[in-house]
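Quick note on numbering: full-length UniProt numbering labels position 37 of the sequence shown as 37, and the sequence is numbered without any gaps.
Backbone N, C-alpha and C define an ideal beta-carbon position, used for all residues, glycine too.
The next block holds one structure in the form of structure tokens; read it before the comments.
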Amino acid sequence: MDDTRKELQRAGVVFVELDLPGLDALNNSVGFPVGLFEFMAEMPDYLKASGHPLDIEALLAGIGSPDVAGILRPLLGSGAIPEPVYRAALADRQRLQELYLRTFAQHQVRALAFPTSALTARPLGTDDTVEFLGQRCPAFMIYIRNTDPGSNAGIPGLSLPAGIGPDGLPVGLELDGPAGSDRDLLAIGAALETVLPPIGRPSLRSPEGA
């Protein structure tokens, strides 16, 4: 990502270092309570209305990814999100949106730029946990770590190919814009895409190197 930043700076992009204080705490209180409550409230009705042969129990039973299954299947029982928790999360979502609004206004930036994912892709079979900063962590949480806050706030975001990492796998540059700036963000992405060098096809090898 350092090379990508330098390339963009040479093209005239101005970067402003900034912090979003309290972002992680707000995002953690919003993401799963809102997403999971609304999923369980709406998905059964959708399946029924669409005439799909699956019900919600069968749908969750068919999840293949262990980390995702571990999040969704408990919702059928004791892991269900209580409505008061959901209502509190909606209030925190408004605070999350206000944090982004203040950040864009205070720093006068048109987009926030950061790595799309904290890690490049890991080998098949490591779907449950991955190593991150020297610790084994839930894979799903690590892969959504960077893009989750903007998604929960409902602001527009897009990801651009930004080169190849040290492990030979692609990395992405995420751009998040202020609420309602979809067209402007797409224009920024289109402009940056002409500056970023094309990336080659990654070298795909089995874990044994075959």
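Item	Value
Span of the beta strand (DSSP E) around D176	170–176
Cβ shell of P178 (< 6 Å), same chain only, five flanking positions each side left out	F104
Cβ-based neighbour list, L185, same chain, cut-off 7 Å, excluding 5 preceding and 5 following	A111, P156, L158, L175, G177
G154 in three-state terms, based on DSSP	coil
DSSP state of Q97 mapped onto helix, strand, coil	helix
Chain-order list of residues whose beta-carbon lies under 8 Å from that of I188 (same chain, five-residue window excluded)	R110, A111, L175, G177
Beta bridge counterpart(s) of Q135 as assigned by DSSP	F132
Identity of the residue in A121, L101, G31 nearest L167 by Cα	For clarity, residue 167 is Asp in the given sequence; the question names Leu instead. Ranking A121, L101, G31 by Cα distance to D167 puts A121 first.
Distance between L36 and P84 (C-alpha atoms, nearest Å)	14 Å
8 Å contact criterion, which L96 and P149 should meet: CB distance rounded	7 Å
C-alpha gap between G64 and R145, whole angstroms	21 Å
Exposed unless 16 or more other CB atoms sit within 10 angstroms - verdict on L76	exposed
Cβ pair D128, A139 closer than 8 Å	yes
Residue closest to Y86, alpha-carbon to alpha-carbon, out of Q9, R183, G31, L99	G31
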